[in-house]
Amino acid sequence: MEKVITLPKSKATVTFRDPDDILQKDREKMWSFIDTEANQLLATNSALKGLMVVMIKSWTLDLILPSVMPSSLGELKSADYDAIGAAVQEWIGILTPDFTSDEADSPKDNSIDSDGQ
Numbered sequence: 039m040e041k042v043i044t045l046p047k048s049k050a051t052v053t054f055r056d057p058d059d060i061l062q063k064d065r066e067k068m069w070s071f072i073d074t075e076a077n078q079l080l081a082t083n084s085a086l087k088g089l090m091v092v093m094i095k096s097w098t099l100d101l102i103l104p105s106v107m108p109s110s111l112g113e114l115k116s117a118d119y120d121a122i123g124a125a126v127q128e129w130i131g132i133l134t135p136d137f138t139s140d141e142a143d144s145p146k147d148n149s150i151d152s153d154g155q
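Going by the working numbering, the first residue of the sequence shown is number 39, and it counts up by one from there.
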């Protein structure tokens, strides 16, 4: 389900994509923002930025969408940026695959039986 928030400073609205519509290529785009050499705080911030870039579907700001130009996020007031960051945190699990699922199409289900078959 899509989610819509109103930003505190600009009063613009931001519509986020339905997390169920995220494709693997979207996840890989998110990963591209993560700096594995950075300290934990910077790595967390870059993960959130990747989520913002992929999850923002539309906004009423006079800025190019982050999915087209990620640097647009840098043009936001800090309070608006933080509101978007807070909104995407619930989807942080999208960044990593779920290999523990018992669903028939999960990676876990594709494992080899103990007899090698």
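For each residue, glycine too, the CB sits at the ideal point set by N, CA and C.
Values in this document were obtained by computation on a predicted structure and should not be read as measured data.
- With contacts defined by Cβ atoms closer than 8 Å, Lys95 and Thr138 do not form a contacting pair.
- Only residues of its own chain outside the window of five on either side were considered, and among them Val92 have a CB closer than 7 Å to the CB of Asp64, listed in chain order.
- The beta carbon of Leu111 lies closer than 7 Å to those of Lys87, Met90, Pro104 and Tyr119 in the same chain, with the five residues before and after it left out.
- In this structure, DSSP gives Lys49 a state outside helix and strand, which the three-state scheme calls coil.
- Checking the DSSP bridge columns, you'll see Ser96 partnered with Thr53.
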